[in-house]
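Residue numbers (full-length UniProt numbering): 1 to 1019. The beta-carbon is built from N, C-alpha and C at its ideal position, and this holds for glycine as well. All values reported here derive from a predicted model rather than from experimental measurement. Written below as structure tokens is the structure these notes are about.
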């Protein structure tokens, strides 16, 4: 029956079709009856499966058996889920929908089992006949690119949109197979470029269009278009500031205000919505801004948030994206732009590129592949997810199974249908632990950039990646992250060199929460209550959180918790991060949480943990990061005998001796407060200080570290203004800690502040983990006795800890990375040289005698070094003298920073750089070098093919960036010199800078995107 006939029958006899559809829908709610029918069909399938196992072992029969086992597993999962009374979900608005969808899933599964049963019967009747499609195929010869063949495309079948299946009480009719010709030469990226141009035209219209609405179904590419638009040089030049904010599902004005303020780098002085709105209005009133509001689901009054109304006078623009045209119009948009799905040809081109041209070009796979691609409905996100799951899969049986799965995923509602299609990628994840890791990421707020290190630590504590040693588990965690990003279920967000975070696309997150709401779909123990960043002021009602086994309420304004909540005995995860208003946890709050495995209270204002923490006997991971007022742990922590991960700091003053009884600890991070906080400055300055020896004892009890023999990951550091008093106190503590750490035979990662080279050398001599080469990852700070602490401690650990959104997130997050900071001294001790040969990151601070790095014979041996920072080495006049250089120097360095080098005059001196020197350099940062007159020599620019960012500030004598050399030949000067990958040039407060270079010295960099010039009045 075609679409027209279906529609006509509905019009002519509406009562029959509508009534039949209604009764069919009602059947979905009769769970008991349809489940019994399903079990009956499953029993028949099991019987014929047993017969099939005795008939033949040809490939097609083996594949039939695999599918049969999968169908039986699905029936078992549904049955067990219903027995555990887990119907519905933790999403109230989905409860009825979830029940209906579960019923439909059962009916669909029954039909699929019946179809598979019939196929099995036919195979048994046919006997041991080999399917000719499974015969060895001749080696495929790669075809000549289609664009070189001048033949007309095959005629296309016109696609007619069908009435949804649930409105027609008739079986689906077989559809003709449509094969898109291989000679088609469609550019699937063209719609993106075209849509970017459509939006850009509206932005350029300064008189008629101030508010632009971009709308379309989830996964159609709205975010991609906005990202490309935002990065256009024309946009950055047109507006003083570009603000990108994602609206949450539940409108939260205060949260939107905070996001806007963060992007404007404003420190808000007020707390109320009205006062903050006034601050934002005042700040933005004088700026020409572009505001991009992503994923708007309901109308927002921008004036209440603090966004001035765009006008012809201020030339500001607002672009909002939404799945709803109505929402755009409610926001009074002047122009609405609908993003259409990809055409069949464009979708096929994208799908083919992702899967692999040689795969889809196979004559046995191509007809199936075209039908699979068509099931993606032209949604780029669906094409990517499904395409990635089938990438480089040459087995035709996989493709048949994939098509069968996608056929069963048609539902009545368009939104559910998108999720069902995307679920195909989830179903193809290789094991339950990987699926659990994916679903776990949905516990974080929408559009949140998740720190990968934090995510892996949580996965470990949950038991998802337990894999022998801590180091192996972390590697497995990184592998899982890569698998999920490769499957397009997570998106990598670069946030610094060798560091990244991950995000979930909003539609993918909806998919994850949809899966957790249906026990028949999710792995065991996946009842989620997720209210992250939902604008909550109070803890949810008991009816919501009592059945949940994972609760995420992070990023809310909740100031009080229930006294003694009665939680599910299966509650395993409680995430309460970033509760800025939470100061007190009730005494009995943890009374009924004996099964809790992961507790995260990071970035709350709690002052202590309550005594009931002793009830958390099953706790494996406790995260207390950036709790500003938490200075120690209670003695009751000794009851946490299952604890494997403890991260606390950086405001800790001392640890109780009871921590030494946590003998299962494998990861311990303790960041001590090195000095007084700003909050303490108003305290009584005349308060008598405790005795130093007593302070040392309180800081960390002697012998405690040696008791923790299972430790594999140990970070003990200090943060804050380092006074002489603290320095003296730390020497005594560090000596004992370094001695105890030598006995930790399983240590794979160490972060530590050595207050003396002697302590370091003793550790390297005696450490069992260093000797057996188990300790592969380190970030160490080593000081000399003559080094003066004059600024806040800038440790290697703090390179990433304090500035997670900075250009530098340099903490070695992955097993096997090493970083070293050496402070003070008038030589480089052998122990430092030994570590440098292994180091990826190196910072030399306050060295007193080195006039150039070349004076150290080891500089040419730093083949592993990827980041080099020179800071406050005031005897250094040139960074490198090349007179005796023969081999490549610093060829793997990607980041170079020169900071507060008061006597630095040149970076390079002598003859030309040896080939390959600095060939990997991507980022160059020079600050506060008052005697530096130029940065590059023209010839050295040729050695920088990968340089992307140059950032120079506060160099008062700098006259030129690229200096033309006096001895250049005519051929040299005629050669075109450029920085082919340079994207960003920032020059700030360079009062004598006259030019970047002479006109004929340097060609315009072809990749240049941004030039920032501030305080260069002579340029």
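If we call anything under 7 Å between Cβ atoms a contact, is residue i one with residue j?
i, j, result
"residue 872", "residue 893", "no"
"residue 284", "residue 276", "no"
"residue 500", "residue 434", "no"
"residue 445", "residue 373", "no"
"residue 899", "residue 927", "yes"
"residue 665", "residue 708", "yes"
"residue 768", "residue 102", "no"
"residue 511", "residue 419", "yes"
"residue 874", "residue 902", "yes"
"residue 575", "residue 606", "no"
"residue 638", "residue 661", "yes"
"residue 459", "residue 437", "yes"
"residue 394", "residue 360", "no"
Just how far apart, CA to CA, sit residue i and residue j?
i, j, result
"residue 355", "residue 367", "14 Å"
"residue 125", "residue 397", "20 Å"
"residue 962", "residue 996", "6 Å"
"residue 852", "residue 715", "33 Å"
"residue 1025", "residue 489", "It is not possible to answer for residue 1025, since the shown part of the chain is limited to 1 through 1019."
"residue 316", "residue 210", "7 Å"
"residue 478", "residue 465", "10 Å"
"residue 112", "residue 817", "51 Å"
"residue 991", "residue 929", "13 Å"
"residue 951", "residue 989", "11 Å"
"residue 463", "residue 311", "55 Å"
"residue 954", "residue 933", "12 Å"
"residue 883", "residue 911", "6 Å"
"residue 471", "residue 704", "23 Å"
"residue 619", "residue 729", "33 Å"
"residue 314", "residue 280", "16 Å"
"residue 407", "residue 616", "47 Å"
"residue 254", "residue 717", "35 Å"
"residue 450", "residue 218", "22 Å"
"residue 234", "residue 1008", "12 Å"
"residue 263", "residue 292", "12 Å"
"residue 1013", "residue 986", "6 Å"
"residue 821", "residue 782", "6 Å"
"residue 551", "residue 610", "20 Å"
"residue 240", "residue 282", "15 Å"
"residue 392", "residue 215", "34 Å"
"residue 324", "residue 290", "21 Å"
"residue 1011", "residue 288", "18 Å"
"residue 998", "residue 944", "19 Å"
"residue 261", "residue 492", "24 Å"
"residue 182", "residue 935", "In this prediction, residue 182 scores a pLDDT of 37, lower than 50, which makes its location untrustworthy; the coordinate-derived value is nonetheless stated afterwards. If I take the Cα positions, the gap works out to 53 Å."
"residue 756", "residue 456", "33 Å"
"residue 778", "residue 749", "5 Å"
Counting contacts by CB-CB distance shorter than 7 Å, is residue i in contact with chain C?
i, result
"residue 775", "This model lacks chain C altogether; it includes just one protein chain."
So, under 8 Å CB-CB, residue i and residue j are touching, yes? Tell me the CB distance rounded to an integer number of Å.
i, j, result
"residue 116", "residue 68", "6 Å"
"residue 567", "residue 601", "16 Å between Cβ atoms; not a contact."
"residue 341", "residue 379", "6 Å"
"residue 502", "residue 485", "7 Å"
"residue 741", "residue 763", "7 Å"
Problem set entry | Contiguous alpha helix (DSSP H) assignments of at least 4 residues, all confined to the segment 816-859 | 830-836, all fully within the segment 816-859.
Ranges of the alpha helix (DSSP H) found wholly within the segment 910-989, counting only runs of at least 4
938-941, 970-974
Any 3 or more C-beta pairs closer than 8 Å across the segment 226-238 and the segment 338-357:
no
Requested in this report: Would you list, in sequence order, the uninterrupted beta strand (DSSP E) runs of no fewer than 3 residues that lie entirely inside the UniProt domain "Disease resistance protein winged helix" (443-512)?
Outcome: 491-496, 499-503
Item to complete: May I ask you to verify whether the segment 421-435 touches the segment 593-601, counting CB pairs closer than 8 Å and requiring at least 3?
Response: no
* the segment 188-198 / the segment 296-314 touching (three or more Cβ pairs under 8 Å) -> no
Review point. In chain order, which beta strand (DSSP E) runs of at least 3 residues are fully inside the segment 533-576?
Key: 550-552, 573-575
TODO: Jot down the residue ranges of each uninterrupted beta strand (DSSP E) in the segment 210-272, minimum 3 residues, whole runs only, in chain order.
DONE: Runs found: 211-215, 241-246.
Exercise for review: Can you check the segment 322-399 for any beta strand (DSSP E) of at least 3 residues that lies completely inside it and give the ranges in chain order?
Suggested key: 335-338
Ignoring anything shorter than 3 residues, give me the beta strand (DSSP E) runs that lie fully in the segment 578-622, in order along the chain. 598-600
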